[in-house]
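Protein chains in written order, with the working numbering: chain A, 1 to 287; chain B, 288 to 574. From the three backbone atoms N, C-alpha and C, an ideal C-beta is built for every residue, glycine too. Just so we're clear, the structure is a prediction, and the values are computed from it rather than from any experiment.
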C-alpha cells in the first residue's frame with residue numbers, strides 16, 4: 001500500500017488539484033478490493049475510524065454525523081409526511097441510522113451496490129451500521145438506478161448518499177437520474193443528493209442544480225460543515241414536486257427534547273434554514 | 288527551506304495534530320524572518336497567492352474574502368452607527384479594505400505590530416493592501432494591547448485580526464484583553480475577535496467566549512467557511528456593551544445594489560443571521 005507513508009495517509013483527487021489533506025494512521029483495520037472499489041478502514045490519531053473508498057475519505061468518526069444528519073433531516077423535515085423513504089447508496093449505514101430516527105418515517109428501502117461496504121461497516125463501523133438494525137429498513141444489494149426503473153410513484157423522499165462523480169457514481173449527477181427519481185416519487189415528493197462543494201467545483205454544483213430544476217418545480221442547494229471533506233464542507237442538491245415548498249422553512253420543527261431523544265448532534269430547526277443561506281457569490285451564481 | 292518538498296508546502300501545527308493540509312507551490316515570491324515572525328508569500332497552482340506566517344496559512348487569494356468580510360461586517364452591521372473603528376493586527380490590509388467600504392464608517396485606526404507584514408503585503412498582495420489606501424485609515428505600527436491602554440472611550444467597534452493563540456498572539460485570547468477592549472469602546476460598542484474553530488478546539492472557543500461574556504453583557508460566537516483554514520472554517524467571538532443587541536439581527540441591512548457597490552462577495556444580510564446559527568452540539572456547549 002504505497003500511498004501510506006510513515007503512517008500518514010494522503011488523500012488527493014483530480015477533482016480538487018493542487019491541495020491535499022493528510023492524516024496520521026494508528027492502524028489499518030481492513031483493506032480489500034471489492035468488485036466495485038478499493039475499501040480501506042483505519043484508525044487514526046485525530047479522526048477516529050475512517051472509511052476510504054477508491055482513495056477518497058467517505059466518513060470519519062469525528063464528523064460523519066454532520067453529513068448523515070443534514071442529508072437526511074433537511075429533506076425529511078421539508079416534507080409534511082415522509083412515510084416511505086428510499087436511500088440510494090449509503091452502504092456504511094449512517095443515513096439509515098438517521099432516517100430511522102424520524103418519527104414520521106414508517107418504511108425505509110435502501111439500495112446499495114456494494115455488499116462488501118455493508119459487511120465491512122457492520123464489522124468495523126458499528127456506530128454507523130447500527131442503521132441496518134432498524135425494523136423499518138429493507139436493504140437491497142443492487143444498482144439504485146436500475147431499482148428505480150421498476151418502482152414508480154412509491155416514495156415520499158429519496159436520499160442519494162453517493163461517492164463523488166468520478167467513476168461509478170457519475171450517473172447519479174446527470175439529468176436522467178433526476179428524471180428517474182421524479183418518477184419514483186409520490187406526489188409532493190422530495191429528493192436530496194450529495195452534490196459537491198461550491199469552493200472546489202462551482203460548475204458541478206451549478207449543473208447538478210440545473211438538472212434538478214429542469215425536472216422539479218422547486219430546486220435548492222444547501223451545505224454543511226464537514227472538516228474532513230475537501231474545502232471543509234459538502235453540499236446537497238434538493239428538489240421538490242410540491243411547487244409551494246419553501247425548503248428553508250421546515251415543515252416539522254423539533255423541540256430540544258425531541259432533538260435529545262433522537263440524539264441529534266448537528267441538525268436543528270434553526271440550522272435547517274441556515275443551511276440554505278448562501279454566500280453572495282454563490283447566491284448570485286445559483287439564483 | 289526544508290518544509291518545501293517537491294514544490295508542495297505542508298502546514299501543520301500542534302493546535303490541530305494528526306491532520307495536515309498541503310498545497311502545490313508555483314513560486315516562492317518572498318521569504319524573510321522579521322523581528323516577530325517568519326514571513327512567506329508564494330504563488331500556488333490552486334489557491335492564488337498565499338501569505339504564511341510562522342508556518343501557518345494566514346490567507347489565500349482564493350478564499351480570503353470570506354474571512355475579511357465576515358470579521359468586519361458581522362460586527363459593523365450589528366452596530367447602529369459604527370463611525371470609528373479600531374483594527375488590531377490585520378497587517379495584510381484585508382480587514383481595512385472591508386471596513387473602509389462601510390457607509391457609516393468615518394475613521395479607522397489600525398495597530399499592527401509587524402511593519403514587515405504591511406510592506407510585504409503592499410508589494411505582493413495588492414488586492415488586500417489596497418485597504419491601506421483608504422483616506423479613512425490611520426495606521427500605527429505597534430502593539431495593539433499597549434495602544435489601547437492609552438485610548439479609552441474612543442471606538443465604536445474593535446476588530447481583532449490576529450494569528451492563532453500560539454506565540455505572540457496568545458494575549459489576545461485572554462480575559463484582560465477583553466477588559467482592555469471594553470475600556471477602549473464607547474457606550475454600546477462592539478468587539479469581534481478571531482477565535483478559532485469549534486471542530487479543532489472547542490475548549491478554546493468556549494473559554495474565549497466565557498472571557499468575553501465576563502466583560503460584556505452580550506457575547507456570541509459566529510463562524511464562516513474558509514476552506515484553507517484548518518477544518519475549513521473560522522470562528523469569531525463577539526461582544527457588545529449594548530445589552531439589547533441581537534447579534535443575529537443586523538442593524539443595517541444592505542440591498543443587492545449596495546452589496547454590489549461595495550463588491551461584497553460573501554457577506555449579505557441573510558448570511559449574517561446564518562453565521563450565528565450553531566450545530567446542536569456546539570449550541571448545547573456554548574449556550
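In the structure shown, residue 253(A) falls within a coil segment according to DSSP collapsed to helix, strand and coil. With a cut-off of 8 angstroms on Cβ pairs, the stretch 191-200 of chain A is in contact with the stretch 214-230 of chain A, counting three or more such pairs.
At a cut-off of 8 angstroms, the C-beta of residue 265(A) has a neighbouring C-beta in chain B.
In this structure, residue 416(B) lies near residue 408(B), with their beta-carbon atoms less than 8 angstroms apart. Counting only the Cα atoms, residue 414(B) lies some 17 angstroms from residue 424(B). In the DSSP assignment, residue 427(B) falls within the unbroken beta strand (DSSP E) covering 424-428.
Look at residue 333(B): its C-beta is under 8 angstroms from a C-beta on chain A.
Residues of chain A whose Cβ lies closer than 8 angstroms to the Cβ of residue 558(B) are, in chain order, 277, 278, 279, 280. Residue contact with chain B for residue 233(A): present (Cβ-Cβ distance below 8 angstroms to some residue of chain B).
Here the alpha carbons of residue 340(B) and residue 11(A) stand approximately 25 angstroms from one another. The criterion of a C-beta distance shorter than 8 angstroms is not satisfied by residue 142(A) and residue 332(B).
DSSP links residue 51(A) through a beta bridge to 41(A), 59(A).
DSSP, reduced to helix, strand and coil, places residue 563(B) outside both helices and strands of the structure shown, so it counts as coil.
When beta bridges are read from the DSSP output, residue 309(B) appears opposite 20(A), 297(B). If you check the CB distance, residue 559(B) and residue 530(B) do not come in under 8 angstroms.
With a beta-carbon spacing of about 7 angstroms, residue 254(A) and residue 268(A) fall inside the 8 angstroms limit used to define contacts. Note that the stretch 562-570 of chain B does not touch the stretch 384-404 of chain B; fewer than 3 beta-carbon pairs, one per stretch, sit closer than 8 angstroms. Judged by DSSP secondary structure, residue 479(B) falls within the beta strand (DSSP E) whose first and last residues are 472-481. Contact note: residue 561(B) reaches chain A through 274, 277, using a C-beta cutoff of 7 angstroms and chain order. Taking all protein chains shown into account, residue 102(A) has 16 or more neighbouring C-beta atoms within 10 Å of its C-beta and is therefore buried. In the displayed model, residue 320(B) falls within a strand according to three-state DSSP.
When Cβ-Cβ separations below 8 angstroms define contact, residue 24(A) makes contact with chain B. From the beta-carbon of residue 350(B), the residues of chain A found nearer than 8 angstroms are 199. Of the other Cβ atoms in all chains shown, fewer than 16 fall within 10 Å of the Cβ of residue 470(B); this residue is therefore exposed. Listed along the chain, the chain B residues whose CB falls inside 8 angstroms of the CB of residue 259(A) are 567. For residue 18(A), the chain B residues whose C-beta falls within less than 8 angstroms of its own C-beta are 310, 311, 331, 332, 333, 334, listed in chain order.
With respect to the 8 angstroms criterion, residue 264(A) and residue 69(A) are classified as neighbours on the basis of their beta carbons. With distances taken between CA atoms, residue 464(B) lies nearest to 500(B) out of 475(B), 383(B), 500(B). Residue-level contact check: residue 7(A) does not touch chain B, since none of the beta carbons of chain B fall below 8 angstroms from its beta carbon. The stretch 377-396 of chain B makes contact with the stretch 335-355 of chain B; the number of CB pairs closer than 8 angstroms reaches 3 or more. Not flagged as an interface residue toward chain B: residue 287(A), since no C-beta distance is shorter than 8 angstroms.
Between residue 226(A) and residue 160(A), the CB-CB gap reaches or exceeds 8 angstroms. Residue contact check for residue 66(A) against chain B: a CB pair falls below 8 angstroms.
Under the Cβ criterion of 8 angstroms, residue 359(B) is not counted among the residues facing chain A. In this structure, the straight-line span from the alpha carbon of residue 100(A) to that of residue 224(A) is close to 21 angstroms. Relative to residue 215(A), the option among 131(A), 256(A), 238(A) whose CA is nearest is 238(A).
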